[in-house]
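In our numbering, the protein residues as written are 81 to 324.
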């Protein structure tokens, strides 16, 4: 579809979201940020059911990055309500991070349901600034459905490389921009201003694979997939892992 039509429709959507923009400026949007963890927690069950095989395949070889004594120290960026815990191997030690402190209640619920893991701490930090985590101190970093909403993807990936041990792995599963010839591309660009507010800063037009490819990892395993039975807006995904 023509870029002019996309720009026109997007402009109309921007006008319609002006009240939401004003709520953000005046601080009223903060009320939604308190509610968002509850919505995300409930959505997680449906998403995990639809993506169970994909996540199982993604994390299948996590154990290969364990230390010689069998320990595996994993940090998850934007852990939210702990949707990935069920896919982590037995005995794994997890460091949880998220910029939204209101997720902690639901995170604790997931911890109770996944006692095969050891939980080290919960840090309220953004992916761009994890200065509390020492250089080269974790075996694996996980990031799923997070890079769509960070301020600077490249800065996050720099932090990932900093905190990973040499030979450590970065696992990712992210929705991305669709092919420009598709209808999904049209919907992503037109309705992104509204999606941004509904998804607490989520962007639907990021080419995240380019950032990962340019991040300087020594090895990269990345593939594009179409997520089954999810909203058209976030159906195109990338998944894989890279090695420091």
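Ideal Cβ positions, reconstructed from N, Cα and C, are used throughout, including at glycine.
What does the alpha-carbon distance come out to for the pair residue i and residue j?
i, j, result
"residue 170", "residue 184", "22 Å"
"residue 179", "residue 248", "24 Å"
"residue 189", "residue 164", "13 Å"
"residue 243", "residue 288", "20 Å"
"residue 172", "residue 225", "21 Å"
"residue 324", "residue 316", "26 Å"
"residue 321", "residue 174", "18 Å"
"residue 107", "residue 141", "43 Å"
"residue 229", "residue 283", "6 Å"
"residue 309", "residue 144", "31 Å"
"residue 125", "residue 182", "18 Å"
"residue 278", "residue 196", "33 Å"
"residue 161", "residue 87", "35 Å"
"residue 112", "residue 135", "29 Å"
"residue 261", "residue 82", "10 Å"
"residue 105", "residue 213", "32 Å"
"residue 98", "residue 227", "25 Å"
"residue 85", "residue 152", "50 Å"
"residue 115", "residue 100", "15 Å"
"residue 137", "residue 103", "41 Å"
"residue 127", "residue 168", "17 Å"
"residue 117", "residue 241", "28 Å"
DSSP has residue i in a bridge; who is on the other side?
i, result
"residue 153", "173"
"residue 303", "319"
"residue 222", "156, 251"
"residue 244", "218"
"residue 203", "177"
"residue 198", "173"
Assuming the contact rule is C-beta atoms closer than 8 Å, residue i and residue j should be a hit. Round their C-beta distance to whole Å, please.
i, j, result
"residue 286", "residue 306", "Their Cβ separation, rounded to whole angstroms, is 17 Å, which puts residue 286 and residue 306 out of contact at 8 Å."
"residue 176", "residue 156", "6 Å"
"residue 314", "residue 269", "Contact flag wrong, Cβ pair sits at about 13 Å."
"residue 232", "residue 208", "6 Å"
"residue 166", "residue 122", "16 Å between Cβ atoms; not a contact."
Figure out for me which residue from the options has the closest Cα to the Cα of residue i.
i, options, result
"residue 149", "219, 209, 322", "219"
"residue 110", "316, 281, 161", "281"
"residue 216", "154, 262, 182", "154"
"residue 300", "284, 250, 259, 314", "250"
"residue 186", "233, 277, 119", "119"
"residue 290", "263, 127, 106, 318", "318"
"residue 89", "266, 278, 279, 311", "266"
"residue 264", "102, 312, 221, 113", "312"
"residue 222", "208, 232, 139, 214", "139"
"residue 246", "127, 147, 112", "147"
"residue 303", "105, 112, 103, 252", "252"
"residue 158", "205, 213, 122", "205"
CB of residue i to nearest heavy atom of the ligand ADP: below 6 Å?
i, result
"residue 163", "Here there are no bound small molecules, and the ligand ADP is not part of this structure."
Sufficient close CB pairs (3 or more, under 8 Å) joining the region 230-246 to the region 288-306 = Contact between the region 230-246 and the region 288-306 is present: three or more C-beta pairs spanning the two stretches fall below 8 Å.
Determine, using beta-carbon pairs with one atom in the region 192-204 and one in the region 117-135, whether at least three such pairs fall under 8 Å.
-> no
Does the region 256-274 come within contact of the region 91-98, defined as at least 3 CB pairs closer than 8 Å?
-> yes
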